[in-house]
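In my numbering, the protein residues as written are 22 to 152.
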C-alpha cells in the first residue's frame, strides 16, 4: 500500500490550483494526464503478471498436495487445500492491493480529464471578477 500512498501524495500536488499556478497547471496538464494513464497501464500489467504467477503457483501447489497426501484425493480437494497455502494467500493479497490501486488510478484519470473544464471555469470566474 506504500505505492498507493505515494500516488495519493503525488495527485494531491497535481490538483492544487490557485491564481498563481493556473497557467502552469494548464500547460502541464497533458503531460500529467499521460503520466497517470501510464501508471494505470503499469498497474494493470502488474496485476496480470500477479494473476499469471498465481495460476502457475497454484498448479504447482496442487501437484504437491496430491503427491504428499497420504490418501488419494481428487483435484477439487487439492485446489481447496492449495488456496490455503501461504504463498497463494500472499499473491491474493497482492492482487487485491493491485485492484485497489487500479480503481484509484481510474478515478484519477477521470479527475484529470475534468481538470481542463475546472481550469476554464476558474478563468471564467476570474474574468467576471475583473468586470
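Backbone N, C-alpha and C define an ideal beta-carbon position, used for all residues, glycine too.
Treat the numbers as computed from the prediction; the structure is a model and nothing was measured.
With distances taken between CB atoms, is the gap from residue i to residue j smaller than 9 Å?
i           : j           : result
residue 140 : residue 47  : yes
residue 102 : residue 94  : yes
residue 144 : residue 108 : no
residue 40  : residue 119 : no
residue 127 : residue 61  : yes
residue 24  : residue 122 : yes
residue 57  : residue 32  : yes
Give me the Cα-Cα distance between residue i and residue j, rounded to the nearest whole angstrom.
i           : j           : result
residue 85  : residue 67  : 27 Å
residue 130 : residue 111 : 29 Å
residue 50  : residue 72  : 33 Å
residue 26  : residue 34  : 13 Å
residue 76  : residue 52  : 36 Å
residue 99  : residue 135 : 49 Å
residue 54  : residue 115 : 26 Å
residue 125 : residue 90  : 43 Å
residue 151 : residue 59  : 39 Å
Select from the options the residue whose C-alpha is nearest the C-alpha of residue i.
i          : options            : result
residue 97 : 80, 150 and 91     : 80
residue 45 : 137, 87, 92 and 57 : 137
residue 74 : 89, 90 and 113     : 113
residue 38 : 22, 89, 70 and 142 : 142
residue 64 : 151, 90 and 22     : 22
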